[in-house]
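What follows is one structure encoded as structure tokens, with my remarks underneath.
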Amino acid sequence: MNMIPRMLWLTAALVLSMATVVGADQTDQRLDELFQTLQTSSDTDKLLAVESEIWEIWYESGESEIDELMRQAGALMGSGNLAAAESIYGNIIEQAPAFSEGWNRRATVRFYQHDYDGSLADIAQTLKLEPRHFGAIWGLGMILGLQQDYQRAINAFEKLLEVKPNSQDARPRIEALKQALARESV
Numbered sequence: 047m048n049m050i051p052r053m054l055w056l057t058a059a060l061v062l063s064m065a066t067v068v069g070a071d072q073t074d075q076r077l078d079e080l081f082q083t084l085q086t087s088s089d090t091d092k093l094l095a096v097e098s099e100i101w102e103i104w105y106e107s108g109e110s111e112i113d114e115l116m117r118q119a120g121a122l123m124g125s126g127n128l129a130a131a132e133s134i135y136g137n138i139i140e141q142a143p144a145f146s147e148g149w150n151r152r153a154t155v156r157f158y159q160h161d162y163d164g165s166l167a168d169i170a171q172t173l174k175l176e177p178r179h180f181g182a183i184w185g186l187g188m189i190l191g192l193q194q195d196y197q198r199a200i201n202a203f204e205k206l207l208e209v210k211p212n213s214q215d216a217r218p219r220i221e222a223l224k225q226a227l228a229r230e231s232v
């Protein structure tokens with residue numbers, strides 16, 4: 047084998063192996079730049095693309111077994127089998143407790159099941175691992191609003207605007223929550 051093609055092959059193999067070793071999830075280094083774009087861009091199409099890319103990164107754990115479990119649980123969730131999805135997300139959390147999206151997805155399932163306390167506990171863990179998780183922050187605001195904890199719900203949606211200033215529904219929700227808080231004070 048010629049030395050130059052062999053070195054090219056080895057270099058390519060090294061690059062590919064490094065690409066598979068680099069995990070995604072909330073620790074992915076690309077997130078900082080993407081979140082910076084969320085803070086500074088006003089281009090709606092670009093913002094939607096960046097948000098989608100953030101979700102893709104969060105969703106991939108970097109471990110094929112966990113990623114397969116995520117796909118299975120997502121399919122179960124999509125078909126309405128929330129109990130089975132919650133069980134798989136629980137397994138994901140046991141196997142990869144530092145993977146924030148496992149916590150976030152279980153929080154979502156628990157939200158759909160009206161297990162708000164369970165969902166809040168999972169949201170807290172999600173935000174401990176990824177404080178910029180705008181999906182978890184939105185869920186926090188929604189649950190606190192449903193529980194009529196209006197001030198904390200307002201705080202959550204204000205935090206959402208700090209992380210994701212382009213959030214379309216945060217400002218209307220803040221206004222509605224402020225009105226509810228005012229009615230409660232009377």
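Residue numbering for the sequence shown follows the numbering used here, starting at 47 and increasing by one per position.
The beta carbon of each residue, even a glycine, is placed where N, CA and C say it ideally should be.
All values derive from a computational prediction rather than experimental measurement.
Could you tell me the distance, in whole angstroms, from the CA atom of residue 84 to the CA atom of residue 194?
-> As a working mapping, residue 84 is identified with position 38 in the sequence shown. As a working mapping, residue 194 is identified with position 148 in the sequence shown. Those two C-alpha atoms are separated by around 30 Å.
Starting from residue 174 and walking both ways along the alpha helix (DSSP H), at which residues does that stretch end?
-> Numbered from 1 along the sequence shown, position 128 holds the residue referred to as residue 174. Taken as a continuous stretch (DSSP letters only), the alpha helix (DSSP H) holding residue 174 covers 162-175.
Are the stretch 87-96 and the stretch 217-227 touching, with three or more C-beta to C-beta distances below 8 Å?
-> no
Same chain only: Cβ atoms within 7 Å of residue 298, ignoring 5 sequence neighbours per side | Nothing in the structure corresponds to residue 298, since the chain is present only between 47 and 232.
Leaving out five residues before and five after residue 67 in sequence, what residues of the same chain have Cβ atoms less than 7 Å from its Cβ?
-> On the sequence shown, residue 67 is found 21 positions in, with the first residue counted as 1. With a pLDDT of only 32 at residue 67, under 50, the local geometry of the prediction cannot be trusted, and the value read off the model is given with reservation. Once the five neighbours on either side are set aside, residue 67 has no close Cβ partner at all.
Return the chain-ordered list of same chain residues with a C-beta closer than 6 Å to the C-beta of residue 186, the five sequence neighbours on each side being excluded.
-> Your numbering for residue 186 matches position 140 in the sequence shown. Apart from sequence neighbours up to five positions away, the residues of its chain that approach residue 186 with a beta-carbon distance below 6 Å are 169, 202, ordered along the chain.
What is the DSSP secondary structure of residue 225, reduced to helix, strand or coil?
-> Along the sequence shown, one-based indexing puts residue 225 at 179. Three-state result, residue 225: helix.
Taking just the CA atoms, how far does residue 228 sit from residue 113?
-> Counting from 1 along the sequence shown, the entry for residue 113 is found at position 67. Counting from 1 along the sequence shown, the entry for residue 228 is found at position 182. About 45 Å.
Secondary structure, alpha helix (DSSP H): runs of 4+ residues fully inside the stretch 102-145 = 110-124, 128-141
Buried/exposed call for residue 56, threshold 16 Cβ in 10 Å | Here residue 56 refers to the residue found at position 10 of the sequence shown. Confidence is the limiting factor: at residue 56 the pLDDT is only 37, short of 50, which leaves the residue's position unreliable, though a coordinate-based value still follows. Exposed is the call here.
For residue 86, the first and last residue of its enclosing alpha helix (DSSP H) | Against the sequence shown, residue 86 aligns to sequence position 40. Where residue 86 is concerned, the enclosing alpha helix (DSSP H) stretches over 76-86.
Do residue 105 and residue 123 have their CB atoms nearer than 8 Å?
-> Locating residue 105 in the sequence shown gives position 59, counting from the first residue. Locating residue 123 in the sequence shown gives position 77, counting from the first residue. Cβ atoms of residue 105 and residue 123: not closer than 8 Å.
Using DSSP with H/G/I as helix, E/B as strand and the rest coil, what is residue 178?
-> Position 132 of the sequence shown, counted from the start, is the residue given in the question as residue 178. Correct three-state label for residue 178: coil.
Would you mind reading off the limits of the alpha helix (DSSP H) that contains residue 205?
-> Reading the sequence shown from its first residue, position 159 is the one you call residue 205. Where residue 205 is concerned, the enclosing alpha helix (DSSP H) stretches over 196-209.
Pair within 8 Å by beta-carbon distance, residue 200 and residue 224 = As a first step, residue 200 is located in the sequence shown; it is residue number 154 there, counting from the start. As a first step, residue 224 is located in the sequence shown; it is residue number 178 there, counting from the start. Taking 8 Å as the Cβ cut-off, residue 200 and residue 224 qualify as a contacting pair.
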